[in-house]
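Protein chains in written order, with the UniProt record's numbering: chain A, 1 to 314; chain B, 1 to 314; chain C, 1 to 314; chain D, 1 to 314.
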């Protein structure tokens, strides 16, 4: 029998809520709806056990993980399933580079540390990676901060025979994925792109942060697209009533044979944290499996699940 | 210098209008907009010369090809370019299996016969194929009638060392192409399809014919899609004011991780005859090149441009 | 204290399901969501008591009204509220003009008979109206069959001092309402309509019937629109997965000052039975109030809730 | 015979381009497409003569009005009609409150001064109004700067028996008009609004200015809507490739009877300058007619064409 993967998580936001609840839903109903890989090296979706959780919000600290995930500003919905208490109280997380030893101690017994805090605090991300390394735990960086792309950090993990996965989670299904697929389809069929735009609207705290610091995101979104010189990005719109949903409007104007008009309008609605959790469930199992098989460094299998894997520009 | 491909065409409808005008537009401006293959074995888009045209409409017979393409019920627009007279009067076409010798005689000097009449008269299609075979001309069947899939016809062409391309042109960019790409993307990302629909609206004579005989088309459209059991096709809508445009509304409802909702709504507008001509321009050059190189039978290069290449079900 | 309106209903389909459940939901929560008139002459939404129900489906006959509304082909969803048993077993309804006396007897104690069966059986509708008249009960015809427009039937009700409301319920919010509003807005602002189309998709049994007999509906829908000569209706699409939802796609192409393009694309999603019940709740209270006040004939207040009130063409 | 209205214009941007070209198009073809009022007090669309034009751009000054309207950043398209030279060279406009006498002198022979410069320079607007007053010319303020709402300015015009129209042009057909109509329709039919959003995208210089100073516009847009507390405005998106087109995406989520879902998605495409010119053509004729009839002050007929007529808040 497979032993459950023992996971610690940093950040108790919407993405963690979607992950914890989605696992419970799967256990409850056996449902494989929305699951990309039913098993990874023998590990099923339900073979995950949470053993520690770190957060910085005073409201969440001390609460059981299964309770803390519903506290504001989290607004991912409560899924329709039993959610037994995890027995994992949320622990005070790091706010700077100090406290690595405390975290390393708390990771005793964990196999994987999933770093799922907001982007933009690279020194904190590095401190957690250091703690994981000291504790002999695989590390997953889902943020845009460069950790797996940092050759020094990667060397440390490789030397220790520990897996290091990152950086920047690619959502299971989002605007970039769809926009990309359609623009490539156009190219493939020989149509000529005239112009295109993308409007992104969302209602999570993460989205609000992006709205206030839009430039990196905008550039990274454009980088993901073919013929990006003809694509314009409208400013991100934070619309609280959307809650954890993301809505995108895409338009593509092209010309076909005889310069006749081809036009495509798309409205996409997804749940944002769910798109992250659907990838995290795979990253965790890839990390646990690599650790158990003694494979340090970046697992090839993880590359397509990340926007900025090792070797890409920082 | 490359010698121009000498092409005869059966059917002087919208698709032929788009083909003839698109070539003139390219010659006029050098534009490669909407062109999938700038060159096929050295043949550029402009390297096409029309040498004969067959039609059954009394109004079109006797008119120059460049005049006949604007007669009703054709409603493909007049493109913005000079269109010098072709010097090719439209000849009376076949209405049944008689007259093969007359057509064969008229094909003297042609290299390729493009069969671009409405689907649904297989005996007429076969008669033209026979005429091409006798005249030593390559044959392209763009209709759904089984010609290239007919082993007997194929054997005749192979024995004669003549190319035979068909059946059923796959539009350069249409509803099936987009719907397919999106449904496959969904699968690839691990989402679960709940339901999907497709609404097709058009204003050409071809479209009107389909509306009156929808079943074959509906089945062939569903066959083209993954997870087709969950896709519903609304009845085709003939809306004359759309003229040669086709409009499609697609909806895709799916579930992601945690069974959260993913939904996609697409509106697609294309010019229907242009989507056909953009593929015919490639088939013609593939056929001419195969003929010149002495390759009889079905050229592998043509397979992806056809819905029902040899070997698929009749 | 207001005495509850005592209502008998003919037809135990989706519309009756939406009506019965919506009233229960209102009683449960006090919610006035989606309610157009909180009170009609003192009668609140909850002041309705069902006293008889007629249906022709063997499966429904004998079941309590609150159970029968969930039997197939009904597919209006189960609303999230308690639904106490009505104590009203569904009675065998009429299939032709015989049995009027039996129905009249069963209407003892009722104030209003709501005729909510499928359109297309005028002789049955007239038989129920006759029964209502004999029993001294107000009659509401929600179908397109001409009852209130039949001067003979109207005279009978007027002579008896009984209210007669009809014909053909105008949905609370549907495609025609929205299309109409937008086309009128265009006119009002001085824009020039070029073309417009309407696509209607639905999944109820009623919708399936319409798809098979589309002409009357198509004409009545066009009649409802200004500048109808420029509007094209795509064929109705019966898509079972939509269940009780109706989806419409509208397009409006117009020209503004300088002949510049104005275009509007609309996707509308509504629940079809709910749109009927939201109007029936008002018609019932208008009928009961008219009866109680001794006003026979057609109440003026009902006119705007009907597509074909008395005086319009049959 | 009616004497042509003699008009001077301040600002030679897109709106002026649309006005000048639209009048020429009408004269050329007699077309009344997109015209709200074929005649105003006997003045037809073509009964407008431009007699002076003021601008601050060095490139435009000295050019004929019909040439200056095509200079960047103007991007309203060149309409398909003859545009005979106006014989009106663009004059250096005001940049502050000095130069009133010079402008007044230049207005000799004019009947109406149309102030169509960018919003945001109230002192300049007032200076032009003063010049008009001194010259005995009617004044139209199409900007949001308070001129007609300024009681002092209004008194001056009333005392002089001169018409003063303003402030802030209401576009002939735009996002607010459509959003408003749909939200009101919802209310009227008794549906309950849950949430709504509006995304506005445009490509003109005016739009770029708004994007950089969005707050006033946002507030004024919300003020225009019923149930505005439930409506969220996405940030304006300046997408240069749209040129003079404006694109809006509207979403409306509501609940009907039984709390069932009603949802509306709208995509609107309009030409922005055309929507202004279509109203300016009416304001000009109303102003000229009032002047000729000796009616000073604000003409009642103009009120519905303005967002902030006299008496509304500044």
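We put the CB at the ideal spot given by N, CA and C, even for glycine. Since the structure is predicted, the reported quantities are computational estimates derived from the model, not experimental observations.
{"Item": "Residues within the segment 178–211 of chain A neighbouring chain D, beta-carbon criterion of under 7 Å", "Value": "195, 197, 199, 201"}
{"Item": "Where the beta strand (DSSP E) through residue 53(A) begins and ends", "Value": "48–55"}
{"Item": "Cβ contact check for the segment 96–107 of chain D and the segment 291–299 of chain C: 3 or more pairs under 8 Å", "Value": "no"}
{"Item": "For residue 232(B), three-class secondary structure by DSSP", "Value": "strand"}
{"Item": "CB contact check: residue 142(C) to chain D, cutoff 9 Å", "Value": "no"}
{"Item": "Host alpha helix (DSSP H) of residue 23(B) (start-end)", "Value": "14–29"}
{"Item": "Where residue 184(B) falls: helix, strand or coil (DSSP)", "Value": "helix"}
{"Item": "Contact list for residue 131(D) against chain F, beta-carbon separation under 8 Å", "Value": "Included in the structure are the protein chains A, B, C and D, with no chain F among them."}
{"Item": "is_contact[residue 32(A), chain B] using C-beta, thresh 9 Å", "Value": "yes"}
{"Item": "Beta carbon of residue 116(C) nearer than 9 Å to that of residue 142(C)", "Value": "yes"}
{"Item": "From 207(C), 314(C), 213(C), residue whose alpha carbon lies closest to that of residue 272(C)", "Value": "207(C)"}
{"Item": "Contact the segment 15–35 of chain D vs the segment 266–284 of chain D: 3+ CB pairs below 8 Å", "Value": "yes"}
{"Item": "CA nearest to the CA of residue 63(D), picked from 94(D), 121(D), 90(D)", "Value": "90(D)"}
{"Item": "Interface residues of chain B facing residue 237(C) [CB-CB closer than 7 Å]", "Value": "199, 234, 235"}
{"Item": "Whole-angstrom distance between residue 227(B) and residue 57(A), CA atom to CA atom", "Value": "45 Å"}
{"Item": "Given residue 282(D) as reference, the closest of 136(C), 279(C), 257(C) once Cα atoms are compared", "Value": "257(C)"}
{"Item": "Test item: CB-CB of residue 310(B) and residue 181(B) under 9 Å", "Value": "no"}
{"Item": "Residues within the segment 241–273 of chain B neighbouring chain A, beta-carbon criterion of under 7 Å", "Value": "255, 256, 257, 258, 259, 260, 261, 262, 263, 264, 265, 266, 267, 268, 269, 270, 271"}
{"Item": "Buried versus exposed, by CB contacts within 10 Å (16 or more), residue 286(B)", "Value": "buried"}
{"Item": "Residues near residue 22(A) by beta carbon distance below 6 Å, same chain, minus five either side", "Value": "277"}
{"Item": "Cutoff 9 Å: residue 218(D) Cβ touching any chain A Cβ", "Value": "no"}
{"Item": "Cut-off 6 Å between Cβ atoms - residues of its own chain near residue 92(D), not counting five sequence neighbours on either side", "Value": "61"}
{"Item": "Residue-chain proximity (residue 39(B), chain A), Cβ-Cβ < 9 Å", "Value": "no"}
{"Item": "Nearest residue (CA-CA) to residue 65(D), options 174(D), 77(D), 51(D)", "Value": "51(D)"}
{"Item": "Whole-angstrom distance between residue 7(D) and residue 210(A), CA atom to CA atom", "Value": "49 Å"}
{"Item": "Reference residue 260(C); option with closest CA among 71(C), 136(C), 193(C), 150(C)", "Value": "193(C)"}
{"Item": "Contact check, residue 179(C) vs residue 225(C), beta carbons under 9 Å", "Value": "yes"}
{"Item": "Three-state secondary structure assigned by DSSP to residue 155(D)", "Value": "helix"}
{"Item": "Residue span of the beta strand (DSSP E) that contains residue 64(B), given as start and end", "Value": "Segment: none, residue 64(B) is in no beta strand (DSSP E) and carries neither H nor E."}
{"Item": "Local conformation of residue 140(C) per DSSP, three classes", "Value": "strand"}
{"Item": "Contacts of residue 164(D) in chain C (Cβ-Cβ under 8 Å)", "Value": "By Cβ distance, chain C contributes nothing, its closest Cβ being about 24 Å from residue 164(D), past 8 Å."}
{"Item": "Residue-chain proximity (residue 330(A), chain D), Cβ-Cβ < 9 Å", "Value": "Residue numbering for chain A in the displayed model covers 1 to 314; residue 330(A) lies beyond these limits and cannot be assessed."}
{"Item": "Three-way DSSP call (helix, strand, coil) for residue 8(B) in this model", "Value": "strand"}
{"Item": "Proximal residues of chain B, C-beta to C-beta of residue 105(A) below 8 Å", "Value": "Correct list: empty, because the minimum Cβ distance to chain B is about 32 Å."}
{"Item": "9 Å Cβ cutoff, residue 44(A) in contact with chain B", "Value": "no"}
{"Item": "Opposing strand residues paired with residue 251(D) [DSSP bridges]", "Value": "197(D), 265(D)"}
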